[in-house]
Amino acid sequence: MKLIRWILGRIILILDFITAPRGVKRTSEQQAKIDALTKNMSLYQFHACPFCVKVRRAMKRNSLCIELRDAKPEGLHRQTLLEQGGQIKVPCLRIEEGDNVTWMYESSDIVAYLEKQTAKLV
Ligand SMILES: N[C@@H](CCC(=O)N[C@@H](CS)C(=O)NCC(=O)O)C(=O)O
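The following block contains the structure:
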C-alpha cells in the first residue's frame, strides 16, 4: 500500500512537472504588493499530495511566493500544524494578520481565497 502510494505520488509529481502552469507576469510594483500580502502566509503540505499539488499549481499560476512547510512525520512543522491548526491534514494555509492567525484547510477554499486576495490587489 505504501509502495503504491509512493508510485502514485511520483506520477503526480511528474505530471505536475510536465504540465506546470506559467506564472502570470505583473509589473514589479504590482508583484511587490502581492509579495507583501503573501509574506505572512505559509502552506503546510506534503510534497506528493494531490491536493497540495493543486494549491501549489494555483500559486504558480498566480505567481505567489508562499513559504512551504513540510508536515510529513519526519518534518519539523507537523506538531505546530496539529497544535495550532487543530488537525494533521494538508494542505493548510496559515495566514497571519497582525495578532490574528487563521488556519485554512481544504484545497478548494485555499485556492479561492488566494485568487480573491490576489484579484483585490491588481
Ligand atoms: N478535501 C481535502 C483533502 C485533503 C487530504 O485528504 N489530505 C490528505 C493528504 S493527501 C491528508 O492530509 N491526510 C492526513 C494524513 O495523511 O495524515 C482537500 O481538498 O484539501
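For the sequence shown, the numbering used here assigns the number -11 to the initial residue and increments by one for each residue that follows.
Beta carbons: idealized from backbone N, C-alpha and C, even for Gly.
When the options are compared against residue i, the one with the closest alpha-carbon
| i | options | result |
| --- | --- | --- |
| T7 | P38, R45, K27 and C53 | R45 |
| R(-2) | P38, G11, E17 and A20 | P38 |
| C40 | D23, A59, K(-10) and N28 | A59 |
| M47 | Q18, K(-10), A107 and E103 | E103 |
| R10 | S51, A100 and R(-7) | S51 |
Contacts around residue i, its chain only, beta-carbon distance under 6 Å, and the 5 residues preceding and following it disregarded
| i | result |
| --- | --- |
| E55 | S30 |
| Q75 | none |
Contacts around residue i, its chain only, beta-carbon distance under 7 Å, and the 5 residues preceding and following it disregarded
| i | result |
| --- | --- |
| I98 | V43, P79, L81 and M92 |
| L25 | Q105 and L109 |
| T90 | I83 |
Check: residue i C-beta below 8 Å from any heavy atom of ligand 1
| i | result |
| --- | --- |
| I76 | yes |
| E62 | no |
| C37 | yes |
| Y93 | yes |
| F5 | no |
| S96 | yes |
Alpha helix (DSSP H) segment containing residue i, residue limits
| i | result |
| --- | --- |
| C40 | P38 to R49 |
| E17 | S16 to T26 |
| D58 | Note, D58: premise wrong, no alpha helix (DSSP H); beta strand (DSSP E) at E55 to D58. |
| L102 | S95 to L109 |
| L3 | K(-10) to I6 |
Element boundaries [beta strand (DSSP E), containing residue i]
| i | result |
| --- | --- |
| Q75 | From DSSP, Q75 is part of no beta strand (DSSP E); its letter is neither H nor E. |
Beta-carbon contacts of residue i that lie in its chain and below 8 Å, excluding the five residues immediately before and after
| i | result |
| --- | --- |
| R14 | I22, S51 and V110 |
| I0 | A36, P38 and V41 |
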